[in-house]
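Residue numbers (the working numbering): 9 to 293.
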């Protein structure tokens, strides 16, 4: 991969030069690399291109960093302890797709791998990564990948102001699911939607407590069971972001891979707080 042609910096945008150097940028990138030497080299390369960088040592720390700050470009080593780059990318993509609040950018994730086997690039892209550089990383290749990431930012900027309250509600609640429940109303009988909402709102806090306790105790079976129960009730009420996160928790718990699940349990809890007032409004309709 090579850098694109020479360009100049414009307001709000950062452009790399053909030689791989760039005017100082306010953009901060995330680097996930467990090898101390490789991390030091990558930091020097990125700093020489003018970027500020936050470095972490594994995929789990990368996911935790994204919880605190949305980085527009992430350089992700594929093989790391605790959580590899593939799983970390999956977590970040799910966090983006199920977030009730629009992210300013969809992170552009650049894979870094020491392997040079046929199909490695395809495997990275299939995992949800956007680009690929081979180790040892050449400055020219890194510059080219970063340039493509910056261009992707400029093509598809996202800002919270672009998202209406209706769109935010639509991400949290599936209107069709709620309409299906409304269609079950019978004259003279209690409203099934109101009954189910009340049951969901009273039952879910204890399910969330079970998720936290099972995760803390590394009880995979209990974690899967609690997520399965909550996924079903959330799905019936159209709470799609909660159902999606519970599905991911179930899948990982079944595989005994609990390390990446803390962000998903937290997202279930956060989304429940957002869904509660929306459901209460729905039963007034």
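We treat Cβ as the ideally placed atom computed from N, Cα and C, and that holds for glycine.
The three-state reading of DSSP puts residue 216 in helix, counting H, G and I together. In the DSSP assignment, residue 64 is bridged to 40. Residue 121 is bridged by DSSP to 142. Under the three-state reduction of DSSP, residue 228 is assigned to helix. In this structure, the straight-line span from the alpha carbon of residue 66 to that of residue 246 is close to 34 Å. Counting only runs of 4 or more residues that sit fully inside the segment 85-120, the alpha helix (DSSP H) segments are 93-106, in chain order. Only buried fits residue 253, as 16 or more other CB atoms lie within 10 angstroms of its CB.
For the 8 Å CB-CB criterion, residue 83 and residue 35 do not form a contact. When DSSP states are grouped into helix, strand and coil, residue 183 belongs to the helix group. Here the C-alpha atom of residue 241 lies approximately 48 Å from the C-alpha atom of residue 48. Exposed is the label assigned to residue 45, since fewer than 16 other Cβ atoms lie within 10 Å of its Cβ. About 6 Å separates the Cβ atoms of residue 143 and residue 121, confirming a contact at the 8 Å cut-off.
In this structure, the CA atom of residue 139 is about 15 Å from the CA atom of residue 37. Residue pairing of residue 247 in beta bridges, as defined by DSSP: 181. Rounded to whole angstroms, residue 284 and residue 236 show a C-alpha spacing of 20 Å. CA-to-CA, the gap between residue 52 and residue 232 works out to about 43 Å. If the five residues before and after residue 228 are omitted, its C-beta is found closer than 7 Å to the C-beta atoms of 261, 264, 266, all from its own chain and listed in chain order.
The residue among 271, 80, 259, 288 with its C-alpha nearest the C-alpha of residue 159 is 80. Judged by beta-carbon spacing, residue 282 lies beyond the 8 Å limit of residue 258, meaning their Cβ atoms are not closer than that value.
Per DSSP, residue 151 is one residue of the alpha helix (DSSP H) stretching across 147-163.
The three-state secondary structure of residue 287, taken from DSSP, is helix. Separation of the CB atoms of residue 97 and residue 157 is rounded to 14 Å, and the pair is thereby denied contact status at 8 Å. In the structure shown, residue 223 adopts helical secondary structure according to DSSP, grouped into three states. Between residue 185 and residue 244, the C-beta spacing is below 8 Å.
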